[in-house]
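For reference, the structure is listed below as structure tokens.
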């Protein structure tokens with residue numbers, strides 16, 4: 088499995104909601120704290136989520152913070168000495 092497999096599986100779990108007040112689509116990926124974005128369309132929101140998700144993964148991996156398993160796909164996190 089690759090990082091792109093993990094990201095695709097995570098993005099498939101995304102939940103989107105339309106906010107009538109500002110006309111934007113808000114999206115988030117459940118179980119991935121802080122992975123939330125918005126856009127004028129679902130596609131734009133998904134693109135922002137994808138960018139944020141990649142940064143979120145790199146942040147966690149670089150600090151040795153576990154990344155949740157999604158659909159059996161793991162992102163290995165190792166301690167660096």
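In my numbering, the protein residues as written are 88 to 168. Heads up, the beta-carbon is just placed ideally off N, CA and C, and yes, glycines get one too. Since we're looking at a predicted model, the values are computed, not measured.
{"query": "Coarse secondary structure for residue 106, derived from DSSP in three states", "result": "strand"}
{"query": "Nearest-angstrom beta carbon gap, residue 101 and residue 115 [assumed within contact, 8 angstroms]", "result": "7 angstroms"}
{"query": "Rounded separation between residue 125 and residue 132 - CA only", "result": "5 angstroms"}
{"query": "Under 7 angstroms between C-beta atoms of residue 129 and residue 103", "result": "yes"}
{"query": "Proximal residues to residue 117 (C-beta, below 7 angstroms), its chain only, five neighbours per side dropped", "result": "100, 102"}
{"query": "Nearest residue (CA-CA) to residue 106, options 91, 89, 159, 127", "result": "127"}
{"query": "C-alpha gap between residue 89 and residue 162, whole angstroms", "result": "8 angstroms"}
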